[in-house]
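Engineer:
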Amino acid sequence: MIIGRTITNGYNKKNVATEQEIAADDSRQDYPYYIEFIEGRFIDAPIKNTLPLQKLYNSVGINTYPTTAVNPTANRESLNKIHSQMCHLKITQMAIDFLDKELEKYFKKYGYMDL
443 MIIGRTITNG
453 YNKKNVATEQ
463 EIAADDSRQD
473 YPYYIEFIEG
483 RFIDAPIKNT
493 LPLQKLYNSV
503 GINTYPTTAV
513 NPTANRESLN
523 KIHSQMCHLK
533 ITQMAIDFLD
543 KELEKYFKKY
553 GYMDL
C-alpha cells in the first residue's frame, strides 16, 4: 500500500539510534538506522483506503522500475521480486507521474496530513 510521498535527506551513515533512543523504543534495536524527512504528505485514512501498489503495476507495468523497463522478459513476477528484495527503490518518471496523479485523488477524497 502506498500511503503518501516524502522528500528525505537520503541515507546518512551517521543516522543510527543512540542507546537512549533504543531504550525508549526497543524496535530500534532491530532497526537502528533511520532517514530524516524534509517534508511529506500522507493520506488521512485507514490503510485499507490507501493506494494499492498493484494499481501502479496495473497501470505502469514493467515501466515502474528502470531495471524492468529495459528488460524484455520482465513481467509481474519480476516487479514483485524487485520490490521485495530492495531496501530502497528507484522508480521511473512514468511511475512518479502516475503516483502523483493518483495520490492527489486520494488526498481530495480522504484528506491528508503534512509533516
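Residue numbers 443 to 557, in the numbering used here, belong to the letters of the sequence shown in order.
In this text, a Cβ means the ideal position worked out from N, Cα and C, and glycines have one as well.
Going by beta-carbon coordinates alone, are Ala537 and Asn517 separated by less than 8 Å?
Structural biologist: No, the Cβ-Cβ distance between Ala537 and Asn517 is not below 8 Å.
Engineer: Is it the case that the segment 537–556 contacts the segment 484–491, given that we only count it when at least three CB pairs across the two stretches are under 8 Å?
Structural biologist: Touching, yes, given that three or more Cβ pairs across the two stretches are closer than 8 Å.
Engineer: Classify Thr510 as buried or exposed, calling it buried when 16 or more other Cβ atoms lie within 10 Å of its own Cβ.
Structural biologist: Under this definition Thr510 is a buried residue.
Engineer: Keeping to the same chain, check which residues put their C-beta closer than 6 Å to that of Leu557; ignore five residues upstream and five downstream.
Structural biologist: The residues are Phe479, Glu481, Gly482.
Engineer: For Gly446, does the three-state DSSP call read helix, strand or coil?
Structural biologist: Reduced to three states, the DSSP call for Gly446 is strand.
Engineer: According to DSSP, is Leu493 part of a helix, a strand, or is it coil?
Structural biologist: Leu493 falls in the strand class under three-state DSSP.
Engineer: What separation, rounded to the nearest whole angstrom, lies between the Cα atoms of Tyr476 and Ile524?
Structural biologist: Taking the straight line joining both Cα atoms gives about 22 Å.
Engineer: Apart from the five residues just before and just after Met555, which ones in its own chain have a Cβ nearer than 6 Å to its Cβ?
Structural biologist: Around Met555: Phe484, Asp486.
Engineer: Out of Arg447, Lys455, Thr534, which one is the CA nearest neighbour of Tyr499?
Structural biologist: Taking only the C-alpha atoms, the option nearest Tyr499 is Thr534.
Engineer: Use the C-beta contact count for Val458: other C-beta atoms within 10 angstroms, 16 or more gives buried, fewer gives exposed.
Structural biologist: So Val458 ends up on the exposed side.
Engineer: Which word fits Leu541, buried or exposed, when buried means at least 16 other C-beta atoms lie within 10 angstroms of its C-beta?
Structural biologist: Leu541 should be labelled buried.
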